[in-house]
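Q: Protein chains in written order, with the working numbering: chain A, -17 to 389; chain B, -17 to 389. Glycine included, C-beta positions come from ideal geometry on N, C-alpha and C. Take this structure first; my questions come after.
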């Protein structure tokens, strides 16, 4: 069950990007679990990766290959069902073997293949099964395969996730399309989150790099489900160049329109991760304004978004503003003057001058809490900076899903 | 239900410390909710308080009175059922009025009375009811009243909590006895935790101050249930001096024995808070060794202890070491070399050189996980520093208790 609908959009083929999937029974039979992207020659790729010190073998190798190839990537291979994390040298060798298999079939350098994995930590990849299945995925490669691709990378996700935008430039259409997976362990630094966003514009590797960093920061890095970050996460941006539109400078309107399309796709995907958060019954935006710095706004937003007490209160639709105020208070903002802080639930003023607002009634708060989408609007009353993060409530199902994931 | 037994100890009266309780129907009828400590003339008192920026009116006032009286406190008054937090100037006036009522009855200065409150945030104290009940509590004052006192300060606690130690000095017995309340919102900075520890030794206010700081740091500040800290928490240390044993220097064995007794009482109380943690089914000690600094050990210990994914896995008795490793990885230890990290569950080596230990079997892990008391022993392999925190699992009941607290 998701919070609100997560419709799967109509996705038009994106020239120069083909996708193929296959089931290799990595974790279980009867579902696709290997996805391959094929990018047209001349494509560029950039990405951001988990900052977890225990990053998984595919993350290590993908970063190495991106560097070695200068972003001239031709294939991405993603498996679900096994994270190939905490698997040491054997894990690295396995990830390399998967890349090599594709390189051999397609006659490209192994550094032009990027590996990604998501699933259980600490188990070796079932390499023979994967190698045996890869030719089938390669024979499945086609541009009109995004829906199957989105399903292939799912783990505890309950629905596939995709988003798309397009805009016209001099009669040519530029398309930006992305898919993502992830529904738990989500927070900054790309936790158990994989995102693959492609465009048919031609974009230099350097520009792609700054666009994907900024887009991830405004989208996937604002998502909090339970505060854990994983060993495997990545958000990749690929540009095939087949639309004939070339973006070679960060000046001008073309670049701005491209940035906006990528950010909209990433934001839509990130919010879908929240709506499909494990056991989530509410979509909560924590908007913090009036801080001296973005950093202190972020601290407050995360303290509120990560508080299990607030999250359980929201599950119960209980406008327990005392817990919100307590979280603001322990967020670690130096010299915070409580008497200048205000909090709204949507438009309802609940805390004013650090106290319950005299105009506030429990009924007003209850009305907002009964919604499935809720804004917590916090004003710190000490500056102009602001930050937003998105999160969910903690439900009985959250415990159930995570207590029973491996068994 | 608690994790293991929390027996209520035999408590011998502590000379110079009297306790009285009364029910004032602050939150509901039929239970004691006001506790008064009376300390013999010449007693000294010190304490540590919440660092939440929204500290409650009684915290503000207690700090002010401690300062103004130089620690020459005669009465402490504690109410459960209402936190008197986020109540602004009216809240301060109410807390002062409660102190004044006792001061008037007993002919002491109002600064010699310290107020404490615990309960719901943001509601005004029912002052008339409290003032009316105070004489009854004062008429109940006696040394042999610790059990009733421990019950009076309970909120969501399921059992009263007390601990006691004594030692002999030159034929005289020094006793240290404490009570505490708290079972959720518990973490460093004294979250919704109240602790009152008394001794019949004579101790200067300065010495008391350093002893209570250090004891709280080694006990209550190591307790993590859900990562939230409250607006109201305090741990107080009171010395009546009636045993005739005087501690006036931090040199020598007497001081050391006193420090040890206080720390043992505080540690026992802190661990009781965990065992009575909301919905807790497991007592988990996270022991981090081999760090470069205590600070980085603490970061790792908290990352593990606060991870909802780890806590739900422990609830399910699932030895999901991957989640532990992921938490170590995102704790923010600069330059952590994953390949030097090891993790034991009790004595079972589960992670070695950053990977699943080759000797490890799921059966071994399962055996440890089936226990109600579990040690997670983490070695970072980069130094000599160490830190321990205690926590619990996240259960269905945690969600239930916190989703339904106010309704």
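1) Taking the straight line between their C-alpha atoms, what separation do you get for residue 112 (chain B) and residue 14 (chain B)?
2) Can you list, in chain order, the residues of its chain with a C-beta nearer than 8 Å to that of residue 328 (chain A)? Leave out the 5 residues immediately preceding and following it.
3) Output yes if chain B places a C-beta closer than 8 Å to the C-beta of residue 67 (chain A); else output no.
4) Quick one: is residue 49 (chain B) buried, meaning 16 or more other Cβ sit within 10 Å of its Cβ, or exposed?
5) What residue range is occupied by the uninterrupted beta strand (DSSP E) comprising residue 31 (chain A)?
6) Under three-state DSSP, which class holds residue 294 (chain B)?
7) Counting only the same chain and skipping the five closest in sequence on each side, list residues whose C-beta sits under 8 Å from that of residue 392 (chain A).
8) Classify residue 114 (chain B) as buried or exposed, calling it buried when 16 or more other Cβ atoms lie within 10 Å of its own Cβ.
9) Please name the residue, chosen from B:190, B:191, B:215, that lies closest to residue 202 (chain B) on a Cα-to-Cα basis.
10) With 16 other CB atoms within 10 Å as the buried threshold, where does residue 97 (chain A) fall?
11) For residue 57 (chain B), write down the residues that DSSP places opposite it in a beta bridge.
12) Measuring alpha carbon to alpha carbon, tell me which residue in A:302, A:263, A:59 is nearest residue 378 (chain A).
13) At a CB-CB cut-off below 8 Å, which residues of chain A make contact with residue 381 (chain B)?
14) Using 8 Å as the threshold, is the C-beta distance between residue 268 (chain B) and residue 313 (chain B) below it?
15) For residue 295 (chain A), tell me which candidate among A:376, A:361, A:279, A:227 has the shortest Cα-Cα distance.
16) Along the stretch 325 to 347 of chain B, where does the CB come closer than 8 Å to a CB of chain A? Name the residues.
17) Could you compute how far the alpha carbon of residue 167 (chain A) sits from the alpha carbon of residue 218 (chain B)?
18) Give the DSSP-derived three-state secondary structure of residue -12 (chain A) in the structure shown.
19) Determine the direct distance from the alpha carbon of residue 231 (chain A) to that of residue 392 (chain B), and round the result to whole angstroms.
20) Report the rounded CA-to-CA distance for residue 41 (chain B) versus residue 368 (chain B), giving the unit in angstroms.
21) Name the residues in the stretch 41 to 54 of chain B whose C-beta lies less than 8 Å from a C-beta of chain A; which are they?
22) Where does residue 34 (chain A) land, buried or exposed, given buried means 16+ other C-beta within 10 angstroms?
23) Looking at the structure shown, is residue 143 (chain B) part of a helix, part of a strand, or coil, going by DSSP?
24) Using the Cβ count rule (16 or more neighbours within 10 Å means buried), how would you classify residue 11 (chain B)?
25) Which ranges would you report for the beta strand (DSSP E) in the stretch 100 to 144 of chain B if only whole runs of at least 3 residues count?
26) Can you tell me where the beta strand (DSSP E) holding residue 316 (chain B) begins and where it ends?
27) Could you tell me the boundaries of the beta strand (DSSP E) in which residue 324 (chain B) lies?
28) Whole-angstrom Cβ separation of residue 160 (chain B) and residue 144 (chain B), contact assumed at under 8 Å?
29) So, is residue 119 (chain B) buried or exposed, given that buried needs 16 or more other C-beta atoms within 10 angstroms?
30) Assign residue 267 (chain A) to one of three DSSP states: helix, strand, or coil.
31) Please list the residues of the stretch 97 to 120 of chain B that have a C-beta atom closer than 9 Å to any C-beta atom in chain A, keeping them in chain order.
32) Closer than 8 Å, CB to CB, is residue 310 (chain B) near chain A or not?
33) Answer yes or no: does any C-beta atom of chain B fall closer than 8 Å to that of residue 303 (chain A)?
34) I need the straight-line Cα distance from residue 102 (chain B) to residue 30 (chain B), nearest angstrom please.
35) Would you say residue 203 (chain A) lies against chain B (beta-carbon separation less than 8 Å)?
36) Along the chain, where does the beta strand (DSSP E) containing residue 177 (chain B) start, and where does it finish?
A: According to the structure shown:
1) So the alpha carbons of these two residues sit roughly 11 Å apart.
2) Same-chain partners within the cutoff: 350, 353, 356, 357, 359.
3) Residue 67 (chain A) counts as touching chain B.
4) Result: exposed.
5) Its beta strand (DSSP E) spans residues 26 to 31.
6) Residue state, collapsed to three classes: helix.
7) Any property of residue 392 (chain A) remains undetermined from this structure, which presents chain A solely from -17 to 389.
8) With fewer than 16 Cβ atoms within 10 Å of its Cβ, residue 114 (chain B) is classed as exposed.
9) Closest in C-alpha terms to residue 202 (chain B), from the list B:190, B:191, B:215, comes B:215.
10) Burial call: buried.
11) The partner list for residue 57 (chain B) (beta bridge, DSSP) reads B:20, B:95.
12) Taking only the C-alpha atoms, the option nearest residue 378 (chain A) is A:263.
13) Here the neighbours are 294, 297, 376, 377, 378, 380, 381.
14) No, they are not a contact pair.
15) For the set A:376, A:361, A:279, A:227, the Cα lying nearest the Cα of residue 295 (chain A) is the one of A:376.
16) Closer than 8 Å at the C-beta level to chain A, one finds these residues of the stretch 325 to 347 of chain B: 333, 335, 336, 337, 338.
17) At residue 167 (chain A), the pLDDT of 41 sits below 50, so the modelled position is not reliable and the matter cannot be decided from this model.
18) Residue -12 (chain A) falls in the coil class under three-state DSSP.
19) This structure leaves residue 392 (chain B) out entirely; chain B is present only between -17 and 389.
20) The straight-line gap from Cα to Cα measures roughly 32 Å.
21) Taking 8 Å as the Cβ-Cβ cut-off, the stretch 41 to 54 of chain B has no residue approaching chain A.
22) Buried is the call here.
23) If DSSP states are grouped into helix, strand and coil, residue 143 (chain B) belongs with the strands.
24) By the C-beta density criterion, residue 11 (chain B) is exposed, having fewer than 16 other C-beta atoms within 10 angstroms.
25) None, since the stretch 100 to 144 of chain B contains no complete beta strand (DSSP E) of that length.
26) No beta strand (DSSP E) contains residue 316 (chain B), which DSSP labels as neither H nor E.
27) Start and end: 324 to 327.
28) About 7 Å separates the beta carbon of residue 160 (chain B) from that of residue 144 (chain B), a gap short enough to meet the 8 Å contact definition.
29) Buried, because 16 or more other Cβ atoms sit within 10 Å of the Cβ of residue 119 (chain B).
30) Correct three-state label for residue 267 (chain A): strand.
31) When C-beta distances to chain A are compared with 9 Å, the residues of the stretch 97 to 120 of chain B below that value are 102, 103, 104, 105, in chain order.
32) Chain A contact via Cβ: present.
33) It does: the Cβ of residue 303 (chain A) has a partner Cβ on chain B nearer than 8 Å.
34) When only Cα atoms are considered, residue 102 (chain B) and residue 30 (chain B) end up about 21 Å apart.
35) No, residue 203 (chain A) lies away from the interface with chain B (no Cβ there is under 8 Å from its Cβ).
36) From DSSP, the beta strand (DSSP E) with residue 177 (chain B) extends over 176 to 181.
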